[in-house]
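So the structure is just underneath, and the comments pick up after that.
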Amino acid sequence: MSLKLISVYRNMLSNQCDLLAEIDDKGRVVKVFDYDGTELRIVRGNKVIKNGKEWDIRDPIAR
1 MSLKLISVYR NMLSNQCDLL AEIDDKGRVV KVFDYDGTEL RIVRGNKVIK NGKEWDIRDP
61 IAR
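Counting from 1, position 42 in the sequence shown corresponds to residue 42 in my numbering; the numbering is continuous, with no gaps.
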């Protein structure tokens, strides 16, 4: 397991942020953390819930 900054976006051009993610040996996102260290929920494989809204994970593929 390793930690890496990943990009998530709400709208392709305007709302984007980088979040810390825990990546497994296969390169998949296992956990995503907010700026204050709170673990965020991963839904539907490649989306994360942040501030009550779904954000798409750009890379790598979420588990």
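Ideal Cβ positions, reconstructed from N, Cα and C, are used throughout, including at glycine.
Inset, instruction - Please find out if some non-hydrogen atom of the ligand FAD comes closer than 6 Å to the beta-carbon of Asp-36. - result: This structure does not include the ligand FAD; it has no bound ligands of any sort.
Legend entry - Cβ of Val-48 within 7 Å of any chain C Cβ: In the structure shown, chain C does not exist; there is a single protein chain.
Inset, instruction - Can you tell me which of Arg-58, Tyr-9 and Asn-51 puts its alpha carbon nearest to the alpha carbon of Asp-36? - result: As a working mapping, residue 36 is identified with position 36 in the sequence shown. Selected option, being the one with the closest Cα: Asn-51.
Inset, instruction - Give the C-beta separation of Val-48 and Arg-58 to the nearest angstrom, bearing in mind that I take them to be a contact with Cβ-Cβ under 8 Å. - result: Residue 48 sits at position 48 when you count from the first residue of the sequence shown. Residue 58 sits at position 58 when you count from the first residue of the sequence shown. No, Val-48 and Arg-58 are not in contact; Cβ-Cβ is about 11 Å, not under 8 Å.
Inset, instruction - Identify which residue in Leu-19, Arg-28 and Asn-15 has its Cα closest to the Cα of Thr-38. - result: Position 38 of the sequence shown, counted from the first residue, corresponds to residue 38. If we check each option's Cα against that of Thr-38, Leu-19 comes out closest.
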